[in-house]
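First comes the structure, then the notes that go with it.
Residue numbers (this note's numbering): 20 to 454.
Okay, structure coming up:
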C-alpha cells in the first residue's frame, strides 16, 4: 500500500504529552510565560560625582576582581525595581568610579539597556571600561584554545588605544558580546549633550563556562546559586598575573595608566594557578548574603550585628534595628525605623538584616553641614550666626524629626551658650555631624 508521507495525520499521543514527564514541553498546551515589564525603575543612590572615568566589573569577573581590588567603602548602589544590581565605589588609588555590576542578581534581557543607560546618564563618565568574561568552549576561532591557555580579549571604540598581542587579543567576529556588557557598549545617556563620543572598552577574561540565559524576571536574592558555596559551575579561579594584566588594561582604557594603581591581590581562599591562566575553583568562600567582597565592609556588618546579638542566638530583637543601622553609618528617621520594625520578624537573623541594610536609600547621605546651617538661618533674625538656646531647643523638639527633651539635653551637653543665652549654630552643626 502506498503511503503519502506528506498527508495530514494525527500525531501520536506521546508526541504531545507524557504521563511521566509533567514538565515536558507540550506544543498544544504551552506554559504561560510571566508578563515582561515594558519599563524598569532604575534608581541610583549614594554620594556620587559625575564627570569621572567609569570602570564596570560585571558578573563572575566583577565578583572575583572586587575581592582583591582594595576598593574601600561602598559609597552608593544601583537598584532596578528595588532590587540591588550594582555596588558603587570610589577607591582612593584612582579617580575613577567603580561599579560592581550584578553581584547579587542577574538582569532580564529587557532590563539591561535601561540599567546601563541610567548609569551612564547619572554618572556622565568621561570614559568607560568594562570587565567581563567570554566562554572559551563556544568562542569561534581557527584553533580551539583551552581556557587555561586562552588570552584576555578586548573590544574598543577608541581608535587611539591599542594593546600588544602579549597583553590581549581582539575579540573577533563572528563572536558576539551578550549580557549587560553589550548594553554598556551600545547604550547612550538620555541627557547627554556632549559632541564628543564616549570612548568604550571591553576587557574579557576567559572562562571555561558557558553562561546561562538571562532570567525572565528580576528577583532579589541574598544567596543566589551563582554565589553559593556549593556552586562549582560558576566559580573560576584566575591567576594573579592574568587579573593584574586585565586590570592594567582597564585603567589604560580610561586614560589613567598605571600611576598609583594598586596591585590586585588574590583572595586568601584561592590557590595560585601555576599555569598563569584560569582554573575552576571548588568550595569558593562566600560570606553571608551570598558574597564575600572583602572591601564592602561585610566583616564590619557582622561584627556590629554580633554586638547587638546579646543572647548569642544569631538574631537581634527588631527593636534594636534603628540603633544597629545608625551604628553602621545609616541615618534612618524615626518614622523609617518604625516602618522597618513593623515589617520585620520579632527576631531578625543576619540574612534578613542584610536585606534591610541594603534597602533602597539605606545609605542616603545625612545631609551636608551647609544644608543644616541654612535651616537654622531662618531663626537667625540678626544674621550674625547665633540663635537663642530656647529657639534651638524648640527647633529640635517641635520641627521635622522631633526629639525628646531628654535627647536634646544629651545633645546639648558641652555646647557653649553665651552670656546672652545664644548659641553659635554653625559651630553646633559641625560639632554634631563630626561625632
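C-beta atoms are modelled at their ideal positions from N, C-alpha and C, and glycine is treated no differently.
Compute the Euclidean distance between the alpha carbons of residue i and residue j, then round it to the nearest angstrom.
i, j, result
"residue 206", "residue 60", "16 angstroms"
"residue 253", "residue 197", "Note that residue 253 scores 44 on pLDDT, short of 50, meaning its location in the model is unreliable and no value can be drawn from it."
"residue 434", "residue 442", "8 angstroms"
"residue 259", "residue 83", "11 angstroms"
"residue 34", "residue 230", "Reliability of the predicted coordinates at residue 34 is poor, the pLDDT of 44 falling under 50, and no value is obtained from them."
"residue 406", "residue 130", "51 angstroms"
"residue 305", "residue 369", "Below a pLDDT of 50, predicted positions are generally treated as unreliable, and residue 305, at 35, falls in that range; the measurement from the model is reported next regardless. Using only the alpha carbons, I get a separation of about 14 angstroms."
"residue 272", "residue 234", "31 angstroms"
"residue 293", "residue 81", "Note that residue 293 scores 41 on pLDDT, short of 50, meaning its location in the model is unreliable and no value can be drawn from it."
"residue 155", "residue 107", "29 angstroms"
"residue 323", "residue 355", "20 angstroms"
"residue 413", "residue 395", "11 angstroms"
"residue 401", "residue 381", "38 angstroms"
"residue 165", "residue 86", "25 angstroms"
"residue 409", "residue 353", "23 angstroms"
"residue 177", "residue 188", "15 angstroms"
"residue 89", "residue 330", "34 angstroms"
"residue 333", "residue 325", "8 angstroms"
"residue 201", "residue 110", "25 angstroms"
"residue 321", "residue 139", "33 angstroms"
"residue 137", "residue 169", "34 angstroms"
"residue 186", "residue 360", "53 angstroms"
"residue 534", "residue 68", "Absent from the structure is residue 534, since the part of the chain shown begins at 20 and ends at 454."
"residue 183", "residue 349", "46 angstroms"
"residue 94", "residue 447", "26 angstroms"
"residue 132", "residue 358", "33 angstroms"
"residue 232", "residue 190", "21 angstroms"
"residue 263", "residue 148", "15 angstroms"
Among the residues of its own chain, which have a CB less than 7 angstroms from the CB of residue i, if the five just before and after it don't count?
i, result
"residue 79", "152, 226, 253 and 255"
"residue 379", "62, 64, 98 and 101"
"residue 158", "194"
"residue 313", "Any reading at residue 313 must be qualified, since the residue scores a pLDDT of 40, below 50, and its modelled position is unreliable; no value is offered."
"residue 440", "407 and 408"
"residue 424", "416"
With a threshold of 8 angstroms on Cβ separation, who are the neighbours of residue i within its own chain once the five nearest residues in sequence on each side are excluded?
i, result
"residue 365", "336 and 337"
"residue 456", "Since the first and last residues shown for the chain are 20 and 454, residue 456 lies out of range."
"residue 291", "With a pLDDT of 49 at residue 291, under the threshold of 50, the predicted position of this residue should be treated as unreliable, though the coordinate-derived value follows. So the list reads 258, 259 and 285, once near-sequence residues are dropped."
"residue 280", "112, 113, 266, 267 and 270"
"residue 422", "415, 416 and 430"
"residue 371", "363 and 364"
"residue 282", "263"
Using a Cβ-Cβ cutoff of less than 6 angstroms, which residues in the same chain neighbour residue i once the five nearest sequence positions on both sides are dropped?
i, result
"residue 319", "none"
"residue 222", "150, 173, 265, 268 and 269"
"residue 445", "392 and 404"
"residue 328", "335"
"residue 103", "96, 123 and 377"
So is residue i in contact with chain B if we call contact Cβ pairs under 8 angstroms?
i, result
"residue 134", "In the structure shown, chain B cannot be found, because there is only a single protein chain."
With C-beta atoms as the reference, is residue i less than 8 angstroms away from residue j?
i, j, result
"residue 203", "residue 135", "yes"
"residue 195", "residue 220", "no"
"residue 215", "residue 146", "no"
"residue 351", "residue 343", "no"
"residue 367", "residue 340", "yes"
"residue 75", "residue 120", "yes"
"residue 144", "residue 236", "no"
"residue 117", "residue 261", "no"
"residue 77", "residue 175", "no"
"residue 415", "residue 427", "yes"
From what residue to what residue does the alpha helix (DSSP H) around residue i run?
i, result
"residue 72", "Per DSSP, residue 72 belongs to no alpha helix (DSSP H) and is neither H nor E."
"residue 270", "259 to 272"
"residue 369", "369 to 376"
"residue 130", "128 to 142"
"residue 340", "340 to 346"
"residue 360", "353 to 362"
Would you mind reading off the limits of the beta strand (DSSP E) that contains residue i?
i, result
"residue 119", "116 to 120"
"residue 220", "218 to 226"
"residue 66", "Element bounds for residue 66: n/a, residue is neither H nor E."
"residue 96", "93 to 99"
"residue 104", "102 to 108"
"residue 334", "334 to 336"
"residue 442", "441 to 443"
Is residue i near the ligand MG, judged by its Cβ being under 7 angstroms from some heavy atom?
i, result
"residue 140", "Judged by which ligands are present, the structure shown has none, so any question about the ligand MG falls away."
Please list the segments of the beta strand (DSSP E) lying wholly inside the region 147 to 200, counting only runs of 3 or more residues, in order along the chain. 172 to 175
Residue ranges of each alpha helix (DSSP H) within the region 387 to 431, 4 or longer: 388 to 396, 408 to 417 and 424 to 430
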